[in-house]
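Just add 97 to the spot in the sequence shown (first one is 1) and you have our numbering.
Heads up, the beta-carbon is just placed ideally off N, CA and C, and yes, glycines get one too.
Note that the structure is predicted; figures quoted are calculated from it, not measured.
Read the structure below first, then the notes.
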Amino acid sequence: MSAAWLAFARTGNSTTSALPAWPAYESGRRATMIFDLESRVADDPDAELRRALFA
98 MSAAWLAFAR
108 TGNSTTSALP
118 AWPAYESGRR
128 ATMIFDLESR
138 VADDPDAELR
148 RALFA
């Protein structure tokens, strides 16, 4: 996670060799990086919870 933050601070792009491709955020897709032992991108994780909280 820290490598992604550093890459973003340096270049404006959070891409690192340790992470999968992380597309730019768009409200229609809501691509979110899930940082874990094996990080992954999920489209709109917890969508139902988000909609309930912000409805």
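Checklist entry - Any idea what DSSP makes of ARG137, helix, strand or coil? => result Here residue 137 refers to the residue found at position 40 of the sequence shown. It is a strand residue.
Checklist entry - Helix, strand or coil: how does DSSP classify THR108 here? => result For the purposes of this step, residue 108 is taken as the residue at position 11 of the sequence shown. THR108: helix per DSSP, three-state reduction.
Item to check | Option nearest ARG122 by Cα separation, candidates ALA115, ASP140 and ARG147 | outcome: Position 25 of the sequence shown, counting from 1, holds the residue named residue 122. Sequence check: residue 122 is Tyr here, not Arg. Answer by Cα proximity: ASP140.
Item to check | Other residues of its chain near ARG137: CB distance less than 7 Å, five sequence neighbours each side excluded | outcome: Start at 1 with the first residue of the sequence shown, and residue 137 comes out as number 40. Around ARG137, the same chain offers PRO117 and ILE131 as residues with beta carbons nearer than 7 Å, after the five sequence neighbours per side are excluded.
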